[in-house]
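Listed in order, the protein sequences are those of chains A and B.
Taking my numbering, the leading residue of the first sequence gets 1, the next gets one more, and so forth.
Taking my numbering, the leading residue of the second sequence gets 1001, the next gets one more, and so forth.
Here a beta-carbon is modelled for each residue, glycine too, at the ideal position from N, C-alpha and C.
The block underneath contains the structure these notes are about, expressed in structure tokens.
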Amino acid sequence: SQQGEEDPQALSIQEGENATMNCSYKTSINNLQWYRQNSGRGLVHLILIRSNEREKHSGRLRVTLDTSKKSSSLLITASRAADTASYFCATGYNNAGNMLTFGGGTRLMVKP
Amino acid sequence: ETGVTQSPTHLIKTRGQQVTLRCSSQSGHNTVSWYQQALGQGPQFIFQYYREEENGRGNFPPRFSGLQFPNYSSELNVNALELDDSALYLCASSPGLAGWVISNEQYFGPGTRLTVT
């Protein structure tokens, strides 16, 4: 079963707009990571935020983490057609046998 | 592109058969994890190997088994295939246990698409 839910499940925007994806989870975590997947292929790591961090930036990506609400958001600014992909959040737990638990993903389409 | 490779790329099997999927981890990585991703869903953790020993297992039946070799490459074996085993199987390597290995990003291979008919 999935750890949590991502919202929205699908998102369609125009090139140049910002895209925001949200992720919720159920139990306390050690860290939260965001991954990108193109067309059912391998996942690419985007960014990792630890449970004691609130915000992190990487290029056009901004991730926030609210442990009190058990939620995170990924913001992609000035989106490009090449950003079209599925985006997944994954959580790592304190006592979870060293596994990542993924959400169901947000399918982002950026129209040129 | 990560340095993680998987073979084969695609595979078609019949219900009841057995399958072996292979993964070569990125250079310097001694931890390998396997995930199953059904169509339209997120990956689900199957198990992880660290220095040839199983280091954690998800909610998968015993007919899912694995191996890790001294060069840290890995195999996933599935016996008595069922239709629901049709999925993309992803292998991911990470640098290894340094504190919490789950704190490290994982480097994914391109996956093996398994179809069970």
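Under DSSP, the beta-bridge partners assigned to Gln-1044 (chain B) are B:Gln-1036. As the crow flies, the alpha-carbon of Ala-1087 (chain B) is around 32 Å from that of Thr-77 (chain A). Separation of Asn-1077 (chain B) and Ser-1033 (chain B) (C-alpha to C-alpha, rounded to the nearest whole angstrom) is 13 Å. Only residues of its own chain outside the window of five on either side were considered, and among them Lys-111 have a CB closer than 7 Å to the CB of Gln-14 (chain A), listed in chain order. Taking 8 Å as the Cβ-Cβ cut-off, the stretch 8-33 of chain A approaches chain B at Asn-30, Asn-31 and Gln-33, given in chain order. Contact between Leu-61 (chain A) and Leu-74 (chain A) holds: their C-beta atoms lie close to 7 Å from each other, under 8 Å.
Comparing alpha-carbon positions, the option among A:Leu-11, A:Cys-23 and A:Ile-29 lying closest to Val-63 (chain A) turns out to be A:Cys-23. Put simply, the stretch 1008-1016 of chain B does not touch the stretch 1061-1069 of chain B. Fewer than three CB pairs are less than 8 Å apart. In terms of CA proximity to Val-1116 (chain B), B:Gln-1018 leads the group B:Gln-1018, B:Gln-1026 and B:Phe-1108. Of the other Cβ atoms in all chains shown, fewer than 16 fall within 10 Å of the Cβ of Ala-82 (chain A); this residue is therefore exposed. With 16 or more neighbouring CB atoms inside 10 Å of its own CB, Ala-85 (chain A) falls in the buried class. Assignment of beta-bridge partners to Lys-56 (chain A) by DSSP yields A:Val-63. Contact check for Thr-106 (chain A) against Leu-32 (chain A) fails: the beta carbons are separated by 8 Å or more. Interface criterion not met: the Cβ of His-57 (chain A) is under 8 Å from no Cβ in chain B. Identification of chain B residues near Met-99 (chain A) by a Cβ-Cβ cut-off of 8 Å yields Ser-1033, Phe-1045, Gln-1048, Gly-1056, Gly-1058 and Ile-1102, ordered along the chain. Contact annotation: Gly-1111 (chain B) and Arg-50 (chain A) have beta-carbon atoms that are not nearer than 8 Å. The straight-line gap separating the alpha-carbon atoms of Thr-101 (chain A) and Gln-1036 (chain B) is approximately 12 Å. Put simply, the CB of Pro-1070 (chain B) is far from chain A, with every gap to its CB atoms at 8 Å or more. Within the stretch 36-49 of chain A, those residues whose Cβ lies closer than 8 Å to any Cβ of chain B are, in chain order, Gly-40, Arg-41, Gly-42, Leu-43, Val-44, His-45 and Leu-48.
Taken in chain order, the complete alpha helix (DSSP H) segments of 4 or more residues contained in the stretch 14-47 of chain A number zero; there are none. Judged by beta-carbon spacing, Ser-1024 (chain B) lies within the 8 Å limit of Ser-1073 (chain B), meaning their Cβ atoms are closer than that value. Inclusion of Arg-54 (chain A) and Val-44 (chain A) in the CB contact set at 8 Å is not warranted, their separation being larger than that value. From the beta-carbon of Gln-1106 (chain B), the residues of chain A found nearer than 9 Å are Gln-33, Tyr-35, Leu-43, His-45, Ala-90 and Leu-100.
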